[in-house]
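Take a look at the structure set out below.
In my numbering, the protein residues as written are 10 to 523.
Printed below as a string of structure tokens:
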């Protein structure tokens, strides 16, 4: 059993409460997913549960953590810098449990994670692995330690579809406790039997949490039904209150008018009217007590929404967006051939997705495509890489990054847009490096929205958005009037946004019809 009691987390910089009076009990067999919008403290909560000292740099935490005999292992959202410099062998050798495994057991694990059998002994630096390969390496080392509690922060990021399916199987068959954060709705729907929902209401001034012991899809449906029912009841009560108050106001005014016109020559009538006024005021006090028990108008943290691109930016159906051929796709260091005979032709406002195994070269290929399209003058392309640091200045604030004129009205307009994306005034003035991955992604999408972009080149566009914002982001991208070339392993994104999906293999791009 893992228990958290009365946890309070406050941001040190702006003194904002992130989590208040949070309590939860996790038992063996629980597969609990933590959901919530960007910046709501999901990763901070995960860090604190694993090791409170990990969160002390930027938040103040007060609460009780009861572990019992549980053994915790933690997958961070980003590979620590010291481990990025290690070779793969050094990374595994850093765990003494690695040497307890026989070659046969390591071969079996490599097979399950779909990596080469010599993977554990490579001299390649961890930092040079693809995003999915890093996740696989970390997951394998975690499992070697035989934990009873898996704490996984975005385990589904960047891993290929086959490994996603393996991860689903791993979570479902885990007999102990799994607590994880994920933005992959399909993974959540297929695995979670418990939902922990972190919210920030009233413009991020009031934290709220919900713990529901039910599958994710059921939670979403019941949440919508409960919200609508409570809202309807609250509105009905307020309509009845208005009618009642109108009737009461007429009675009160009538008695008051009669009292004012009553002469001293009619004391009996005056007494009756005063008694009647006492009764009216008693009625008023009763109504006030009843109003205190009225159903509250429910509040929930709404998903973001904004438009991306105007209709006039649509690309004519016959216009060639790209006609690309590449004989050989090499690794960034040029040491190895990843694929041959790559051909990609796109015309009009098509939306293309490229998938493939981890390490197949998808990001390398997309960077080459981006370099080509960004130089074109007949289209207006924008590129969002997998690693936002490649194009974002982490020391700038969101307002400074988006401001191209320095004009006061322009900065006011940018602040208005950021407010619509659920940024607080303080967050608008935080360095981008202090923001969550989802908040960084919002900055980049807003930049696109403010420009005349008609071609998007996106590496994992939905990876940092919450499951509740995911449907909105997919809708925005599906309705984008221009063309999209993307990499994604998000199965809902492929289904709802993309016109065609290509699989990158050693022999080139093949249309994927799964």
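Don't be surprised by glycine CBs; every beta carbon is placed ideally from N, CA and C.
In this text, all values refer to a predicted model and were calculated from it rather than measured experimentally.
Check for me: the beta strand (DSSP E) holding residue i runs from which residue to which?
| i | result |
| --- | --- |
| residue 209 | 203–210 |
| residue 429 | Per DSSP, residue 429 belongs to no beta strand (DSSP E); it is in the alpha helix (DSSP H), 417–429. |
| residue 122 | Looking at the DSSP string, residue 122 is not in any beta strand (DSSP E), and its letter there is neither H nor E. |
| residue 18 | 11–20 |
| residue 490 | Here residue 490 belongs to no beta strand (DSSP E), and DSSP marks it neither H nor E. |
| residue 219 | 215–221 |
| residue 41 | 40–44 |
Roughly how many angstroms separate the alpha carbons of residue i and residue j, rounded to a whole number?
| i | j | result |
| --- | --- | --- |
| residue 421 | residue 208 | 27 Å |
| residue 230 | residue 224 | 10 Å |
| residue 140 | residue 76 | 31 Å |
| residue 167 | residue 369 | 12 Å |
| residue 412 | residue 129 | 47 Å |
| residue 236 | residue 270 | 50 Å |
| residue 227 | residue 244 | 25 Å |
| residue 431 | residue 451 | 10 Å |
| residue 348 | residue 145 | 22 Å |
| residue 444 | residue 196 | 25 Å |
| residue 376 | residue 219 | 41 Å |
| residue 418 | residue 371 | 41 Å |
| residue 213 | residue 455 | 20 Å |
| residue 264 | residue 242 | 33 Å |
| residue 322 | residue 442 | 32 Å |
| residue 247 | residue 294 | 17 Å |
| residue 114 | residue 131 | 17 Å |
| residue 170 | residue 502 | 13 Å |
If contacts are defined as beta-carbon pairs under 8 Å, then residue i and residue j qualify, I think. What distance do you get, rounded to the angstrom?
| i | j | result |
| --- | --- | --- |
| residue 462 | residue 491 | 7 Å |
| residue 200 | residue 163 | In fact, because the Cβ distance is near 14 Å, the residues do not count as touching under 8 Å. |
| residue 404 | residue 440 | 5 Å |
| residue 391 | residue 460 | 7 Å |
| residue 526 | residue 518 | As displayed, the chain neither begins before 10 nor continues past 523, which places residue 526 out of reach and without an answer. |
| residue 222 | residue 300 | Going by Cβ atoms, the distance from residue 222 to residue 300 rounds to 34 Å, so no, they are not a contact pair. |
How would you write the range of the alpha helix (DSSP H) that residue i sits in, first residue to last?
| i | result |
| --- | --- |
| residue 78 | Careful: residue 78 lies outside any alpha helix (DSSP H) and carries neither H nor E. |
| residue 436 | 434–437 |
| residue 31 | Run containing residue 31: none in the alpha helix (DSSP H); it sits in the beta strand (DSSP E), 26–35. |
| residue 277 | 276–301 |
| residue 53 | 51–59 |
| residue 131 | Where residue 131 is concerned, there is no enclosing alpha helix (DSSP H), given that its DSSP letter is neither H nor E. |
| residue 410 | 407–411 |
| residue 305 | Note, residue 305: premise wrong, no alpha helix (DSSP H); not H, not E. |
| residue 100 | 97–102 |
| residue 92 | 90–93 |
ask   = Counting pairs of Cβ atoms below 8 Å between the stretch 156–167 and the stretch 182–197, do you hit three or more?
value = Result yes; three or more Cβ-Cβ pairs closer than 8 Å.
request  = Report the residue ranges of all alpha helix (DSSP H) runs contained in full by the stretch 333–401; include only those spanning at least 4 residues, in chain order.
outcome  = Segments of the alpha helix (DSSP H) lying fully in the stretch 333–401: 371–383.
query = Is there contact here, the stretch 467–486 with the stretch 329–336, by at least three beta-carbon pairs under 8 Å?
reply = Under the 8 Å Cβ criterion, the stretch 467–486 does not count as touching the stretch 329–336, having fewer than three qualifying pairs.
inquiry  = For the structure I just gave you, are there three or more beta carbon pairs, one from the stretch 21–34 and one from the stretch 78–94, closer than 8 Å?
reply    = Here the stretch 21–34 makes no contact with the stretch 78–94; the two share fewer than three CB pairs at distances below 8 Å.
ask   = Does the stretch 104–111 come close enough to the stretch 55–75 that 3 or more CB-CB pairs lie under 8 Å?
value = Contact fails: fewer than three Cβ-Cβ distances are below 8 Å.
request  = State whether the stretch 494–508 contacts the stretch 350–365, with contact taken as three or more CB pairs (one from each stretch) at a distance under 8 Å.
outcome  = The stretch 494–508 is in contact with the stretch 350–365.
The stretch 467–486 contacting the stretch 323–332, beta-carbon criterion three pairs below 8 Å = Too few Cβ pairs lie closer than 8 Å, so no.
query = Which ranges does the alpha helix (DSSP H) cover as unbroken runs of at least 4 residues, wholly within the stretch 133–199, from first to last along the chain?
reply = Segments of the alpha helix (DSSP H) lying fully in the stretch 133–199: 140–153, 170–182.
ask   = For the 8 Å Cβ check, are there 3 or more pairs between the stretch 35–51 and the stretch 200–218?
value = Contact between the stretch 35–51 and the stretch 200–218 is present, with at least three C-beta pairs closer than 8 Å.
ask   = Which runs of the alpha helix (DSSP H), 4 residues or longer, sit entirely within the stretch 458–519?
value = Counting only unbroken stretches of 4 or more residues, the alpha helix (DSSP H) elements lying wholly within the stretch 458–519 are 479–487, 500–506, in sequence order.
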